[in-house]
Amino acid sequence: MLATVVYGANDTISRRGLWQKLVLLANSISDEPWIVGGDFNTVLDMSEVCGSSADIRLAMTEFRDCLLDTGLIHLPVQGERFSWHNCSEGDRSLWKRLDRLLVNDAWLSQWPNSHYHCLNARTSDHSPLVIRGDTATHTISMFRFDNYLTMSSDFTPSVQNIWRHRIEGTAMYAVTRKLRALKFRSLRRKKGDLSLNVKLAAESLSYKAGAKHAATTGENSMAKGWRSVLPDLLPKATARGERRREFLDLRHLRPWARHVVTPDECMELVQSVTREEIKDAFFDIAEDKAPGPDGYSSGFYKAAWPVIGEEVVKAILEFFTTGRLLKQVNTTILALIPKVRVPSLVSDFRPISCCNVLYKVITKIIVQRLRLVLDKMINPAQNAFVPGRSIGDNILLAQEMFSGYNRQGLPMRCALKVDLRKAYDTVEWDFLSAVLHLFGFPDIFIGWIEECVTTPMFSVCINGNPHGFFKGSRGLRQGDPMSPFLFVLIMEVLQLMLQQLIDQNEGFSFHWRCKEIGLFQLCFADDLLLFCKADVASVRIFGMD
1 MLATVVYGAN DTISRRGLWQ KLVLLANSIS DEPWIVGGDF NTVLDMSEVC
51 GSSADIRLAM TEFRDCLLDT GLIHLPVQGE RFSWHNCSEG DRSLWKRLDR
101 LLVNDAWLSQ WPNSHYHCLN ARTSDHSPLV IRGDTATHTI SMFRFDNYLT
151 MSSDFTPSVQ NIWRHRIEGT AMYAVTRKLR ALKFRSLRRK KGDLSLNVKL
201 AAESLSYKAG AKHAATTGEN SMAKGWRSVL PDLLPKATAR GERRREFLDL
251 RHLRPWARHV VTPDECMELV QSVTREEIKD AFFDIAEDKA PGPDGYSSGF
301 YKAAWPVIGE EVVKAILEFF TTGRLLKQVN TTILALIPKV RVPSLVSDFR
351 PISCCNVLYK VITKIIVQRL RLVLDKMINP AQNAFVPGRS IGDNILLAQE
401 MFSGYNRQGL PMRCALKVDL RKAYDTVEWD FLSAVLHLFG FPDIFIGWIE
451 ECVTTPMFSV CINGNPHGFF KGSRGLRQGD PMSPFLFVLI MEVLQLMLQQ
501 LIDQNEGFSF HWRCKEIGLF QLCFADDLLL FCKADVASVR IFGMD
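Counting along the sequence shown from 1, when you hit position 499 you're at 499 in full-length UniProt numbering, and nothing is skipped either side.
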């Protein structure tokens with residue numbers, strides 16, 4: 001816990017040094033609880049003044065800007081409304097609230113019920129402040145915006161109150177700072193009976209299922225297991241597997257490519273993003289989708305769009321102009337989804353990435369443009385995630401191919417099922433870049449994709465709370481709207497490599513049902529069926545011996 005005692009100067013200009021120091025302190029403090037208190041010698045608004053006072057509008061504006069930049073919020077106060085009196089009577093009497101206690105969100109996470117009392121002034125013209133707290137929870141609760149808040153009459157005024165402030169810096173930075181300031185206020189409102197009611201309902205369901213004890217025991221043991229393995233896992237996140245450091249060039253495969261991006265298509269891919277595209281991308285995301293680390297769902301953006309829309313659009317346009325993504329926007333929560341009924345190993349969980357809505361909007365716009373050329377590039381054997389195709393067609397075709405395999409007297413045939421283990425997680429970023437260059441995507445478009453894919457920060461979510469942050473070094477995120485389409489392009493390169501081997505080796509023989517159309521594979525996203533004649537030469541080509 002950190003505590004900062006404040007005594008503000010008497011004039012507006014001299015107090016600016018205090019605001020600057022508080023901002024520097026806020027930027028150096030990460031997840032530690034922080035409390036700031038004392039005599040600030042200014043007020044936030046005129047409701048904190050009683051009596052005749054000079055023009056203090058500039059002083060109030062600078063104080064509010066400081067709170068916005070630092071993310072500090074007021075603790076609830078009880079007792080006296082004003083903390084200072086000038087000890088005069090009659091028309092010269094002046095009361096102000098100059099003394100206060102401010103805290104950050106980490107403080108509220110550990111002491112959500114803390115507050116302070118403003119007592120009667122006795123031996124001084126200032127009132128003493130007495131803080132009262134509760135037992136620390138020792139966990140940092142993850143903020144989540146509840147969509148029901150949009151129905152409150154205070155929702156729009158609260159957003160307007162924050163959004164009217166001017167933040168120095170890039171458009172994306174300004175949006176993230178204002179979202180952070182809003183987050184703290186929403187967090188305060190969320191501390192009520194809702195969490196308790198949800199907890200009680202969950203416990204009731206556990207009792208009815210007859211599995212409360214087992215579930216609790218299992219959860220605690222798994223949580224301890226994850227916490228024990230995380231410190232060793234995170235530093236070694238980039239130490240496993242071989243890394244290809246030399247530049248990859250796949251352009252020798254272009255003769256086998258179905259389509260390479262044309263100059264006209266390049267112009268279409270990198271044309272200016274419109275405001276309508278951005279708004280449509282926001283409103284296309286379902287409100288109940290899991291939020292990212294910032295805690296905001298698309299429901300917030302939709303409800304607040306009349307207030308925040310213009311500034312948010314500028315932030316998204318800024319990315320497509322500069323090609324640079326703010327670190328806060330590309331942070332990701334890894335939700336661990338069990339693959340088995342009773343998970344006991346790390347491999348028993350499927351990591352699903354929960355990305356911020358701002359990031360999803362950017363990648364959805366990229367995906368909409370990628371769709372324009374994807375159908376021309378991808379072999380008809382791949383039906384997943386390609387516009388105008390259905391994976392069900394490949395399922396029916398596979399059933400037809402496998403029918404009669406137990407019958408005697410038919411030509412020799414062979415089918416191989418290839419399951420790519422950790423398919424998304426093991427994609428090398430330099431290989432992805434080579435794939436994009438192979439198909440002739442423009443450098444600007446490739447830059448957008450690389451900035452999104454190669455700059456994420458991850459935090460593992462355990463029992464609903466994030467634990468630590470670490471950088472990624474490879475892989476595509478399950479949960480990123482762009483990942484399935486990029487993976488389909490990568491699988492197309494595998495198809496091109498196999499096609500090259502087949503064309504250059506006379507020993508390959510097609511499956512007897514596939515010879516006329518030259519079919520040797522069916523793709524189901526990251527699953528693959530290979531078909532050939534049942535002879536050693538053909539199978540060896542698939543094995544790339």
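Each residue gets a CB set at the ideal place from its N, CA and C atoms; glycine is no exception. These numbers come from a predicted model, not from an experiment.
The beta carbon of Leu501 lies closer than 6 Å to those of Ile541 in the same chain, with the five residues before and after it left out. If you look at Trp34, you'll find it in the beta strand (DSSP E) that goes Trp34 to Asp39. Here Phe470 really is in contact with Phe458; their C-beta atoms are around 6 Å apart, less than 8 Å. The DSSP-derived three-state label of Ser353 is strand. Contact annotation, Gly51 with Ser83: C-beta distance approximately 14 Å; criterion of less than 8 Å not satisfied. Going by DSSP, Gln408 is part of no beta strand (DSSP E) at all; its letter is neither H nor E. At least 7 Å separates the beta-carbon of Asp425 from that of Asp527. Residue pairing from DSSP places Phe470 in a beta bridge opposite Phe458.
As DSSP reads the structure, Trp95 sits in a beta bridge with Cys50 and His85.
Boundaries of the alpha helix (DSSP H) around Tyr301: Ser298 to Thr322.
DSSP places Ala281 in the uninterrupted alpha helix (DSSP H) bounded by Arg275 to Phe283. In the structure shown, the three-state DSSP call for Ile337 is strand. Uninterrupted alpha helix (DSSP H) stretches at least 4 residues long and entirely within the segment 99-144 occur at 105-110, given in chain order.
In the DSSP secondary-structure assignment, Ala415 is bridged to Phe531. Taken in chain order, the complete alpha helix (DSSP H) segments of 4 residues or longer contained in the segment 55-82 are 57-70. With fewer than 16 other Cβ atoms inside 10 Å of its own Cβ, Met267 counts as exposed.
The beta carbons of Tyr116 and Val77 sit closer together than 7 Å.
Of Pro263, Phe319, Ser344 and Arg275, the smallest CA-CA separation from Glu310 is found for Arg275.
Going by DSSP, Gln495 is part of the alpha helix (DSSP H) stretching over Ser483 to Gln504.
Exclusion of the five residues before and after Glu492 leaves Ile378 as the residues of its chain whose Cβ lies within less than 6 Å of its Cβ. In this chain, Gln521 is not harboured by any alpha helix (DSSP H); it is covered by the beta strand (DSSP E) spanning Gln521 to Phe524. Looking from the CA of Asn161, the closest CA among Val373, Ala304 and Val488 belongs to Ala304.
Note that the C-beta distance between Arg97 and Val43 is below 7 Å.
When secondary structure is reduced to three states using DSSP, Thr12 falls in the helix class.
The DSSP-derived three-state label of Gln271 is coil.
Just so you know, the alpha carbons of Arg251 and Val386 end up roughly 23 Å apart. Note on Met1: under 16 other CB atoms within 10 angstroms of its CB, so exposed under the neighbour-count rule. About 5 Å separates the CB atoms of Gln328 and Thr176; that is less than 8 Å, so the two are in contact.
Setting aside the 5 residues that flank it on each side, Ile444 is surrounded in the same chain by Val270, each with a C-beta closer than 6 Å to its C-beta; the list follows chain order. According to the DSSP assignment, Thr4 belongs to the beta strand (DSSP E) that extends over Leu2 to Tyr7.
Exclusion of the five residues before and after Phe349 leaves Leu336, Ile337, Pro338, Lys339 and Pro343 as the residues of its chain whose Cβ lies within less than 8 Å of its Cβ. The three-state secondary structure of Thr331, taken from DSSP, is strand. Here the segment 388-401 makes contact with the segment 513-525; the two share three or more CB pairs at distances below 8 Å. Secondary structure of Gln382 (DSSP, three-state): strand. Straight-line measurement puts the Cα of Ile316 at about 53 Å from the Cα of Gly507.
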